[in-house]
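Written below as structure tokens is the structure these notes are about.
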Amino acid sequence: EEDDDDDDLVEQSNVFVLEIENHILRVHKFIRDIYATKFPELEAMVVNATEYAKCVQLLGNASAEEMSALDLRRVLSNASVAMTVHVTATTTTGKRLQARDLRRVMAGADALLRLDEHKRSILEFVATRMHAIAPNVAALIGAQLTAKLIGVCGGVLALAAMPACNIQVLGKGAGRDNGHSHSSNSNAHQQQQHFGLIAHCELIRARCATPQLQARALRVVAAKLVLAARVDASRRRRRDASYGQQLYGECAQKIEKWHEAPPPKAPRPLSVPDTKPKKKRGGKRYRKMRERYKVTETQRIINRMAFNRAEEEIIDGNGEIVGLGMLRHAGDAGGRLRNIKAKSTQSTLHTLNHRQLVKQKRMRMRAERAGTVTGLTTSVVFTAVQGIELSNPDIAVNANNNSNNNNSNKYFNHE
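Numbering-wise, my numbering puts 226 at position 127 of the sequence shown, and it's gapless, one number per residue.
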């Protein structure tokens, strides 16, 4: 019964905080609509409702010179935002407010700050009860976040029955639904996809430097949170925060380990140099060896098998049965066997000499037909095989003339 009363107290406190938050939002809008006449740029620079009300109280209806002398760092938590507001206040295009509007703005700012004080007092009261309701969860993520989680999910039992993947996004973007976070505060964690309320805990917000590590730590903390909530939900166990403190230490140790620099790679020793000569070498000798042992066309056809046709077999000289594959059906294998021509035994020099002789003979015949003999022609021919060859070009000319005369003394020649 005591546990049920504590859960009911937390739920009622969350309802009160939600109502106070809704009133703060309405008062904040009322102040912004009126004070936009005096300082329209302030709404975009200061988005937190409480800080906006404090800036309005400090600035009031002061002129540009008076606003430049004010110290805004007393009411603004971010020093860069305070500097931006200080510079913009000297160049604003706003006009002074009337006395009636100024009184309404100041009254609204006072009411907003009082509502914020009431909300903080309720949250502090709920946080003090968390050490009795869920001590292990409070030791892991803090009392205030524990109160928010229990208020959102509806009790410790509901939190213990929830999987870790759902706890990661629990309360995401629910500034108006849970009544515990400022809706007008642009928080970087809420803008991410899978970041919920527990992303504001000290383990994730303060110990993780990059968004990648924050997302990784969020999964670890959510898994440990389920274990702590199940221990708190068990009535048979003594409720103390020892297990939660143990989980906090494990998470902190893991996160610190992630931030450590990776160990330097040990220098790898050089491999033993291979001083032995290679078994295979390139060049003309190696190419001849490859040609000598390559698979022939006959062996390739023997290695092939015909579909739905029995393979013919023979018995070799050793008495072993050897299959012929598709050798008997070479026509079905894609054509006849390639005719392997014997390589010519003549040397390259002999071939060049033969070509040179044919060329010289062709040039002599062309000159004889033309009937001109130049001073560059000679009857001496040097060859590597036959040595020196002497020829008389006049003999070929006389033989040609004799043949022409014989043709003229034929039977049907009327001359």
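Here a beta-carbon is modelled for each residue, glycine too, at the ideal position from N, C-alpha and C.
| Same chain, Cβ closer than 6 Å to A287, neighbours up to 5 away in sequence not counted | Because the pLDDT of A287 is 44, which lies under 50, any placement of that residue in the model is unreliable, and the question is left without a value.
| query | Grouping DSSP H, G and I as helix and E and B as strand, with all else coil, what is E412? | reply | strand
| Buried or exposed (CB count within 10 angstroms, at least 16 for buried), I119 | buried
| task | Please look up how many angstroms separate the CB atoms of Q516 and A316, rounded, as I've assumed it's under 8 Å. | result | Here the chain has residues from 100 to 514 only, and residue 516 is not among them.
| Given a threshold of 16 other Cβ atoms within 10 Å of its Cβ, counted over all protein chains shown, does D331 qualify as buried or as exposed? | Note on D331: 16 or more other CB atoms within 10 angstroms of its CB, so buried under the neighbour-count rule.
| I303 and Q313: beta carbons closer than 8 Å? | Yes, the Cβ-Cβ distance between I303 and Q313 is below 8 Å.
| request: Specify the secondary structure class of V174 as computed by DSSP and reduced to three states. | output: coil
| field | Cβ pair count under 8 Å reaching 3, the segment 195-212 against the segment 226-236 | value | no
| Residue ranges of each alpha helix (DSSP H) within the segment 345-415, 4 or longer | 383-392, 396-401
| If you count every other CB in all the chains shown that lies within 10 Å of the CB of M229, and 16 or more means buried, which is it? | buried
| message | Just to confirm, is the Cβ distance from K323 to L239 under 8 Å? | response | Cβ distance < 8 Å, so K323 and L239 count as in contact.
| When DSSP labels each residue in this structure, what does V146 get in the three-state scheme? | coil
| field | Range of the contiguous beta strand (DSSP E) that encloses I420 | value | Counting along the chain, the beta strand (DSSP E) containing I420 begins and ends at 420-422.
| Three-way DSSP call (helix, strand, coil) for M261 in this model | coil
| Limits of the unbroken alpha helix (DSSP H) element including T447 | 447-469
| task | With S220 as the anchor, note down where its alpha helix (DSSP H) starts and where it stops. | result | DSSP places S220 in the uninterrupted alpha helix (DSSP H) bounded by 198-232.
| request: Return the CA-CA distance between T450 and R403, expressed in angstroms with no decimal places. | output: It is roughly 41 Å from the alpha-carbon of T450 to the alpha-carbon of R403.
| query | Thinking C-beta only, is Y151 closer than 8 Å to H54? | reply | Past the boundaries of the shown model lies residue 54; the chain is included only from 100 to 514, so the question cannot be answered.
| Counting Cβ pairs closer than 8 Å, one from the segment 248-264 and one from the segment 152-159, do we hit at least three? | no
| In whole angstroms, what is the alpha-carbon distance linking R468 and N452? | 25 Å
| task | Out of G416, A163, V319, state which residue places its alpha-carbon closest to the alpha-carbon of I354. | result | V319
| query | Which residues mark the beginning and the end of the alpha helix (DSSP H) in which C307 is found? | reply | Premise fails: C307 is in no alpha helix (DSSP H) and is neither H nor E.
| task | Kindly give me the distance between the Cβ atoms of K194 and N160, rounded to whole angstroms, as I take these residues to be in contact under 8 Å. | result | That belief does not hold up - the Cβ atoms of K194 and N160 are roughly 10 Å apart, past 8 Å.
| said: Could you compute how far the alpha carbon of R199 sits from the alpha carbon of E142? | reply: 21 Å
| field | Candidates C350, L269, H185, T397, of which the one nearest A305 by Cα | value | C350
| query | If we ignore side chains and look at the alpha-carbon of each, how far apart do R465 and Q459 end up? | reply | 10 Å
| request: Report the rounded CA-to-CA distance for H299 versus V116, giving the unit in angstroms. | output: 19 Å
| task | Can you have a look at L448 and say buried or exposed, based on whether 16 or more other CB atoms are within 10 angstroms of its CB? | result | Classification of L448: exposed, given that the 10 Å Cβ count is below 16.
| said: Please report the distance separating the alpha-carbon of R391 from that of Y385. | reply: 10 Å
| What span of residues does the alpha helix (DSSP H) with C252 cover, start to end? | 242-252
| query | Is it the case that the Cβ atoms of I133 and V204 are separated by a distance below 8 Å? | reply | yes
| field | Neighbour-count burial assignment, G250, 16 or more Cβ in a 10 Å radius | value | buried
| Closest by CA to A340, which one among R427, G241, A246? | With distances taken between Cα atoms, A340 lies closest to G241.
| request: Have a look at T397 and S370 and give me their C-alpha separation to the nearest angstrom. | output: Straight-line Cα distance between these residues: approximately 45 Å.
| message | Can you check which of these residues, E140, C307, H358, V145, is closest to N177 by C-alpha distance? | response | By alpha-carbon distance to N177, the top candidate from E140, C307, H358, V145 is V145.
| query | Is DSSP giving G159 helix, strand or coil here? | reply | coil
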